[in-house]
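Heads up: the structure comes next, in structure tokens.
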Amino acid sequence: MKEILIAGAFALLVSLLGTRGLIKILAKKGYGQIIRDDGPSSHHTKRGTPTMGGIILIAAALMGYLLAHLLMQKPFTISAILVLGLVISLGLLGFADDWLKVSRQKSLGLTGKQKLFGQAIVASVFALLGVRFADSLSLTPISYYLSGVRDTALYLGPIITIIWVAFMVLSASNGVNLTDGLDGLATGASVMTFLSFVLIGVWEFGQGCAVTPGIGCYQVRDPLDLAVLAAAFAGSCTGFLWWNASPAKIFMGDTGSLALGGALAGLAATLRVELLLIPLGGLFVIITMSVVIQTLYFKLSGGKRVFKMAPLQHHFELLGWGEVIIVIRFWIIAGLSVALGLGLFYTQWIVK
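My numbering puts the first residue of the sequence shown at 1, with every later residue one more than the last.
Printed below as a string of structure tokens:
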């Protein structure tokens, strides 16, 4: 369990100190945020704020995870390595998008189709590799069975599993990206969700069939190491939040948002709690659905809108709510969503 504390604490320290240095570097080079002209007018004051902060988010989490293993002399697991590979790959895709924006000094980077295609390729490779590498108990990082709070009896098979996991990654990755519209909003919500994965991983390890065999034990590969990785991401996001909270000194950009969404989906898939990601990431789901509803209604109604602007946080901005008020209230929603998800997870255990 010490690995969890080491990973979280060191990632927090690296992120807290490293973000300050990154802000100076990005500001010196002029790599500032480009603001859309059709966004809320209050956001124009944020033009030029350093972006691509996702670089330090990924680096701090990776360093925290690595240091915990080196100090405790624990072997790396394939499950965590695959999730890290997913995160780094999506981070590189997001970096390409951010780089095109700052280099062109326009709010247009990769096209929507290009980003979706890149995400789909990365997610599919993650899923394809995830159903391989069986251990001595024949457990692979990702199961062929659909999981809720654990694996269900619904067998998906190889092709559907890859499609399903890819859909999860795309949904979570873009969900965090859409939520990252106000200072600290996505970062704070991510901290809560990552902490929930720490608790889930520790519980699954303690009640795992390899440790506590019996009816209702968990058959999950590498749950404790995945908890270590989740702690590293929680610490990394917490340190970054110090600088990303309003008024933000740096933004994570697509480099961070795509990577964090991938981390959430990757952890949910490898911990066998795929459907539980819906309540655990409830805020991301709500904000994503606001965009879906707005888009569909706009097309079906011939130009009418449900919200003043989507994603949902901008709707409340146009209603006159202050940015800090919106962020705090949305954090409350994120916290309640995490509590609901953990409640469902624990309830399943006590009534099994």
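Glycine is no exception: its CB is placed at the ideal position from the N, C-alpha and C atoms.
These numbers come from a predicted model, not from an experiment.
Inspect the beta-carbon positions of Phe126 and Leu82 and report whether they are closer than 9 Å. For the purposes of this step, residue 126 is identified with residue 126 of the sequence shown, where counting begins at 1. For the purposes of this step, residue 82 is identified with residue 82 of the sequence shown, where counting begins at 1. Yes, they are a contact pair.
Same chain, Cβ closer than 7 Å to Ile56, neighbours up to 5 away in sequence not counted: Here residue 56 is taken as the residue at index 56 of the sequence shown, counted from 1. These residues qualify, in order along the chain: Ser15, Gly18, Thr19, Leu22 and Phe240.
Cβ pair Phe197, Leu264 closer than 9 Å: Walking along the sequence shown from the start, residue 197 turns up at place 197. Walking along the sequence shown from the start, residue 264 turns up at place 264. Contact: yes.
Within its chain, find whatever has a CB closer than 8 Å to the CB of Phe316; leave out the 5 residues flanking it on each side and keep chain order. Walking along the sequence shown from the start, residue 316 turns up at place 316. So the qualifying residues of the chain are Ile326.
Taking the alpha carbon of Gly54 as the point to measure from, which residue in Asn244, Gly302, Arg305 and Ala268 has its own alpha carbon closest? Here residue 54 refers to the residue found at position 54 of the sequence shown. Ranking Asn244, Gly302, Arg305 and Ala268 by Cα distance to Gly54 puts Asn244 first.
According to DSSP, what are the bridge partners of Ser147? Position 147 of the sequence shown, counted from the first residue, corresponds to residue 147. Looking at the DSSP assignment, Ser147 forms a beta bridge with Asp151.
What do you get for Gly303, buried or exposed, if any count of 16 or more other CB atoms within 10 angstroms of its CB means buried? The residue given as residue 303 occupies position 303 in the sequence shown. Gly303 is exposed by the Cβ-count criterion.
Measuring straight from C-alpha to C-alpha, what distance separates Leu70 and Ala339? Walking along the sequence shown from the start, residue 70 turns up at place 70. Walking along the sequence shown from the start, residue 339 turns up at place 339. Their backbone Cα atoms lie some 33 Å apart in a straight line.
Tell me the DSSP secondary structure of Pro158 in three-state form. Working through the sequence shown from its first residue, we reach residue 158 at position 158. It is helical.
Does Arg104 pass the burial test, meaning 16 or more other C-beta atoms within 10 Å, or should it be called exposed? By 1-based counting over the sequence shown, the position of residue 104 is 104. It counts as exposed.
Ends of the alpha helix (DSSP H) at Arg20? Position 20 of the sequence shown, counted from the first residue, corresponds to residue 20. It spans Lys2 to Lys29 - the alpha helix (DSSP H) in which Arg20 sits, taken as one unbroken run.
Within the region 232-260, note down every full beta strand (DSSP E) run reaching 3 residues or more, in order along the chain. Segments of the beta strand (DSSP E) lying fully in the region 232-260: there are none.
Whole angstroms are fine: how far does the CA of Ile4 sit from the CA of Ala231? Residue numbering aside, residue 231 sits at position 231 when the sequence shown is read from its first letter. Residue numbering aside, residue 4 sits at position 4 when the sequence shown is read from its first letter. Pairing Ala231 with Ile4, the inter-Cα distance amounts to about 6 Å.
Quick one: what's got a C-beta closer than 8 Å to Gly175's C-beta in the same chain, skipping five residues either side? On the sequence shown, residue 175 is found 175 positions in, with the first residue counted as 1. Excluding sequence neighbours, Gly175 sits near Gly261, Gly281, Phe284, Val285, Ile287 and Thr288.
Going by the beta-carbon positions, is the gap between Gly201 and Asp183 smaller than 9 Å? Looking up residue 201 in the sequence shown gives position 201. Looking up residue 183 in the sequence shown gives position 183. No; because the gap between Cβ atoms is not below 9 Å, this pair is not in contact.
Among the residues of its own chain, which have a CB less than 7 Å from the CB of Phe133, if the five just before and after it don't count? Within the sequence shown, numbered from 1, the residue matching residue 133 stands at position 133. For Phe133, where only same-chain residues beyond five positions count, the Cβ hits under 7 Å are Ile78, Thr140 and Pro141.
Residues near Val324 by beta carbon distance below 6 Å, same chain, minus five either side: For the purposes of this step, residue 324 is taken as the residue at position 324 of the sequence shown. Contacts found: Ser246.
Own chain, CB closer than 7 Å to Asp97, minus 5 neighbours either side, in chain order: By 1-based counting over the sequence shown, the position of residue 97 is 97. Excluding residues within five positions, the ones whose Cβ falls inside 7 Å are Gly109, Leu110, Lys115 and Asp254.
Just tell me which of Ala234, Leu26 and Thr152 has its CA closest to the CA of Gly64. Residue 64 sits at position 64 when you count from the first residue of the sequence shown. Gly64 has its Cα closest to that of Ala234, out of Ala234, Leu26 and Thr152.
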